Amino acid sequence: MEMAYNESDDMDIFMQVDLDTIYNDKFISLFNSFLINIDDNSVAFNFICRKRVNFSVPWRDLNYGEDFERMARFLKNGYIVYKVPEYNKIANNQHAIKRERRYASGLKYLKRILHNNIDLIRGYGVSNYKLFKKFFKSAGFKKRSYIFVFLIYL
């Protein structure tokens, strides 16, 4: 990626690829459509955009929740973010939890899940306990985990 970064211009389209994701025909079609219509202020799927835009919001680590925090940062910076609506469901986090098992186990797994949820909370702008509780219910978490994660988040 460093070589691509060094060889590209700020206005080139720059996309990071998640190598453990399967990109289906629907994604390819949406990707091609976006490439035709891209402008300097647009971001699709949190990673397809001009190079200068892509690197204006850094990746902190590699987890599912970070995508939502990154999307919030793009929006805060005034960029237009295009997402596929069905991927915006909070409950989709269950997919991410299964995915995280491939990267860690034991306490490291729990730490990754904790970081994942904190990134989701930040990305969705959850700012009080009532919203926090609603967020966790929709994501399918048990009641006793609310307070624990909320205290860590503070």
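Anchor point for the sequence shown: position 37 equals 37 in the UniProt record's numbering, and the numbering is continuous, going up by one each time. Cβ coordinates follow ideal geometry from the N, Cα and C atoms, glycine included. Note that this is a predicted model, so its numbers are computed, not measured.
Could you have a look at residue i and say whether DSSP puts it in helix, strand or coil?
{"i": "Tyr109", "result": "helix"}
{"i": "Tyr79", "result": "coil"}
{"i": "Met3", "result": "helix"}
{"i": "Ala104", "result": "coil"}
{"i": "Tyr23", "result": "coil"}
Which one of the options has the shortest CA to CA distance from residue i?
{"i": "Asp40", "options": "Asn77, Ile113 and Lys108", "result": "Asn77"}
{"i": "residue 155", "options": "Lys51, Ile28, Trp59 and Ser29", "result": "Outside the displayed range of the chain (1 to 154) lies residue 155, so it cannot be described from this structure."}
In the DSSP assignment, find the unbroken beta strand (DSSP E) run with residue i in it and report its ends.
{"i": "Met11", "result": "Segment: none, Met11 is in no beta strand (DSSP E) and carries neither H nor E."}
Expressed to the nearest angstrom, what Euclidean distance is found between the alpha-carbon atoms of residue i and residue j?
{"i": "Asn32", "j": "Ile38", "result": "10 angstroms"}
{"i": "Asn46", "j": "Gln16", "result": "10 angstroms"}
{"i": "Asp12", "j": "Asn24", "result": "24 angstroms"}
{"i": "Met1", "j": "Asp119", "result": "24 angstroms"}
Requested in this report: Output the residue ranges of the beta strand (DSSP E) runs that lie fully inside the segment 25-63 and measure 3 residues or longer, sorted by chain position.
Outcome: 42-44 and 48-50
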